[in-house]
Amino acid sequence: MEELVIRDADVVDGSGVDSYRADVVVDGGRIVSIVKEAAAAGCQRPRARRELDAEGLVLAPGFIDMHAHSDLALLRDPDHSAKAAQGVTLEVIGQDGLSYAPVDDRTLGEVRRAIAGWNGPGDDVDFDWRSVGEYLDRLDRGIAVNAAYLIPQGTVRALAVGWDDREATDAELEHMRRLVAEGMEQGAVGMSSGLTYTPGMYAKDAELTELCRVVASYGGYYCPHHRSYGAGALQAYEEMVELTREADCPLHLAHATMNFGVNKGRAPELLTLLDDALAAGADITLDTYPYTPGCTTLVALLPSWANEGGPERVLERLADDDTAERIRHHLEETGSDGCHGVPVEWETIEISGTGDPALAEYVGRTVLESARLRGESPWTVARRLLLTDRLAPTILQHVGHEENVRAIMRHRVHTGGSDGILQGAKPHPRAYGTFPHYLGHYVRELGVLSLEECVAHLTSRAAARLRLPDRGLVREGYRADLVLFDPATVGAGSTYENPRELPTGIPHVLVDGRFVMEDGRRTDVLAGRSVRRAPR
1 MEELVIRDAD VVDGSGVDSY RADVVVDGGR IVSIVKEAAA AGCQRPRARR
51 ELDAEGLVLA PGFIDMHAHS DLALLRDPDH SAKAAQGVTL EVIGQDGLSY
101 APVDDRTLGE VRRAIAGWNG PGDDVDFDWR SVGEYLDRLD RGIAVNAAYL
151 IPQGTVRALA VGWDDREATD AELEHMRRLV AEGMEQGAVG MSSGLTYTPG
201 MYAKDAELTE LCRVVASYGG YYCPHHRSYG AGALQAYEEM VELTREADCP
251 LHLAHATMNF GVNKGRAPEL LTLLDDALAA GADITLDTYP YTPGCTTLVA
301 LLPSWANEGG PERVLERLAD DDTAERIRHH LEETGSDGCH GVPVEWETIE
351 ISGTGDPALA EYVGRTVLES ARLRGESPWT VARRLLLTDR LAPTILQHVG
401 HEENVRAIMR HRVHTGGSDG ILQGAKPHPR AYGTFPHYLG HYVRELGVLS
451 LEECVAHLTS RAAARLRLPD RGLVREGYRA DLVLFDPATV GAGSTYENPR
501 ELPTGIPHVL VDGRFVMEDG RRTDVLAGRS VRRAPR
């Protein structure tokens, strides 16, 4: 007898077609049968050792978070309710060009300092890996949800070239090509870049094209955080489209937003650019989160020249008064490349977390608010935070536009990505709320997407980009990564004031046929494993 039958579910199967009522039978981690309208037809209903009454609930494929920053959280936090409670059954990590494999002892320390704001310092993690394959093996010991990995191009450059702003030599480029090939062979699904973060931003297009050719040869895709989401956003998108066309590499645009005042109402221009490329045969997808503010680290706003050489050199420059004044000038008057070519507006920069608990008074306030309270300039406050907290502060950047968010999420190649940074006292609510916020706010309340459309965006489209032949749909033979939710009550519990509140209306989540959420509570099941690149 099979393990589980989910009885009388309203199945939204991920394909975008209308829902249907069915009994769904699960055994051995897979969906073994789907009996449509069993009760109405009067036929004999499937039986199993356990029956779950799903009356009034939608059964959908588990959601795929196409842009996650859980690289260490998956290892340090077995509970991981931040994602499990949302119905996420697979996360794509290794984002924005910086993560923890491949590394050597030198670059591991450098990367840990550089992205402490994203993932914490990692003092509670045993870094017993160096290669991509070893990191994936570590995930395979058991994690809350599944995870796929992108080779981080910035980390690869740090390992082969260092943190200097210069072109790679032929030997260094060959070293990077070899590192990317090894990572793909070991199971990575593609490569990411952070082209407003050092050292990845120092790579010219020709270098990126060569690495993308390697990725494409293994059937992977390129996922860039491109060179500007502000003053040069459209040009930056166009650059990525052309680069991947030259490399014949599939393109997935990370957190594809149009931000800052210069881009208000300009999402249709981006979508026209993508439609033209798609019509010409390009293979392009994108992800977004359903919120207007962005989230990053405070140090990321600095001009690229100030970040050259790695974290310790940044601190040295900030400590020098003359150099710090040059940084301020670029930030406030010129518009630094780290701030997307737009002069920083301190009233939009909210401190969301610090590494040092003694600095908690800054959290939840904008830099401008803290400056006024102290009778100081905003740059004085920002500089002190960076120095005292050793580059660890994270920020919310209130620079988005609702009309752009809605226009982009409607596009036919759109998928969902939380870009969820789990660190900090007041993280962005997207980390805990992205997927239920799509379903509750943008589907039920606003009707921007139908339920069937939205589920397809969050499941099958992402699975297709990842080339996963047995995930992303409710189909016989597919893996039983499933979520059950109440369409009348599903919603994000997280808010800007209380960002770690769990969602409502998602009672059950299964990974590999095992309950990781049951009756709204996290179980102790660790059914997640690495999801490795499918062979060509």
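In the numbering used here, the protein residues as written are 1 to 536. Where a beta carbon is used, it is the ideal one built from N, C-alpha and C, also for glycine.
Quiz prompt | Endpoints, the beta strand (DSSP E) within which S460 is located | solution = No beta strand (DSSP E) holds S460; the alpha helix (DSSP H) holding it covers 460 to 465.
Quiz prompt | Collapsed DSSP secondary structure at K83 in the structure displayed | solution = Looking at K83 - three-state DSSP - the assignment turns out to be helix.
Quiz prompt | Short Cβ contact (8 Å threshold) for D53 with D8 | solution = yes
Self-check item: Pairwise C-alpha distance: Y202 and R166
Solution: 7 Å
Quiz item: Out of curiosity, what's the CA-to-CA distance linking G142 and K83?
Solution: In a straight line, the C-alpha of G142 is about 15 Å away from that of K83.
Exercise. My understanding is that L482 touches L526, with C-beta atoms under 8 Å, so please give their C-beta distance in whole angstroms.
Key: Actually they are not in contact, since the Cβ atoms of L482 and L526 sit about 17 Å apart, beyond 8 Å.
Practice problem: Drop a sphere of 10 angstroms on the beta-carbon of R178, count the other beta-carbons inside from all chains shown, and report buried for 16 or more, exposed for fewer. | Solution: exposed
Practice problem: In angstroms with no decimal places, state the Cα-to-Cα distance between A68 and G194. | Solution: Their backbone Cα atoms lie some 14 Å apart in a straight line.
Exercise. Enumerate in chain order the residues of its own chain whose CB-to-CB distance from A231 is below 6 Å, with the five nearest sequence positions on each side excluded.
Key: V262, G341, V342
Quiz item: Roughly how many angstroms separate the alpha carbons of H329 and A300, rounded to a whole number?
Solution: 16 Å
Quiz item: Is A431 near G416, with beta carbons less than 8 Å apart?
Solution: For the 8 Å CB-CB criterion, A431 and G416 do not form a contact.
Quiz item: Can you list, in chain order, the residues of its chain whose CB lies under 6 Å from that of P199, leaving out five sequence neighbours each side?
Solution: G154, R157, A158, W163
Self-check item: Alpha-carbon to alpha-carbon, A282 and E210
Solution: 18 Å
Self-check item: Per DSSP, cross-strand counterpart(s) of N146
Solution: L90
Practice problem: Using beta-carbon positions only, say whether T495 and P429 come within less than 8 Å of one another. | Solution: yes
Self-check item: Reduced DSSP category for M409 - H, G, I as helix; E, B as strand; rest coil
Solution: helix
Quiz prompt | Rounded distance between the beta-carbons of A48 and G14, thought under 8 Å | solution = Not confirmed; about 22 Å, so no contact.
Self-check item: Per-residue burial, G375 [other beta carbons within 10 Å of its own, 16 or more giving buried]
Solution: exposed
Quiz item: Where do the ends of the alpha helix (DSSP H) carrying Q235 lie?
Solution: 233 to 247
Quiz item: Should R106 be labelled buried (16 or more other beta-carbon atoms within 10 Å of its own) or exposed?
Solution: exposed
Quiz item: Apart from the five residues just before and just after V132, which ones in its own chain have a Cβ nearer than 6 Å to its Cβ?
Solution: Correct list, in chain order: A101, P102, G183, Q186, A188.
Quiz prompt | CB contact below 8 Å: A527 versus chain C | solution = Within the model displayed, chain C is absent; a lone protein chain is all it includes.
Quiz item: Who does R21 pair with in a DSSP beta bridge?
Solution: Answer is D10.
Quiz item: Are the CB atoms of G122 and R130 nearer to each other than 8 Å?
Solution: Result no, Cβ atoms of G122 and R130 do not sit closer than 8 Å.
Quiz item: Do the stretch 435 to 453 and the stretch 479 to 493 touch if we need at least three Cβ pairs shorter than 8 Å?
Solution: yes
Quiz item: Roughly how many angstroms separate the alpha carbons of Y289 and C43, rounded to a whole number?
Solution: 43 Å
Quiz item: Just reading off the alpha helix (DSSP H) that P436 is part of, what are its end residues?
Solution: Note, P436: alpha helix (DSSP H), 430 to 437.
Exercise. Kindly indicate which residue of P224, A216, E51 has the alpha-carbon position closest to the one of C249.
Key: A216
Quiz item: For G353, which beta-bridge partners are listed by DSSP?
Solution: DSSP lists T394 as partners of G353.
Quiz item: Cα separation between L468 and T394?
Solution: When rounded, the distance between both Cα atoms is 34 Å.
Quiz prompt | Whole-angstrom distance between L74 and D389, CA atom to CA atom | solution = Using only the alpha carbons, I get a separation of about 25 Å.
Self-check item: Pick from E403, L387, R313, E350 that is closest to E269, judged by C-alpha positions
Solution: E403
Practice problem: Check each candidate in G309, D205, Y218, P378 and name the one with the smallest Cα separation from L226. | Solution: Leu is not the amino acid found at residue 226; the sequence shown has His there. The candidate whose alpha carbon is nearest that of H226 is D205.
Quiz item: What's the C-alpha gap between F260 and Y229?
Solution: Looking at the backbone, the Cα of F260 and that of Y229 are separated by about 8 Å.
Practice problem: Would you mind reading off the limits of the beta strand (DSSP E) that contains E518? | Solution: Start and end: 514 to 518.
Quiz item: Is M409 buried or exposed, if buried means 16 or more other CB atoms sit within 10 Å of its CB?
Solution: buried
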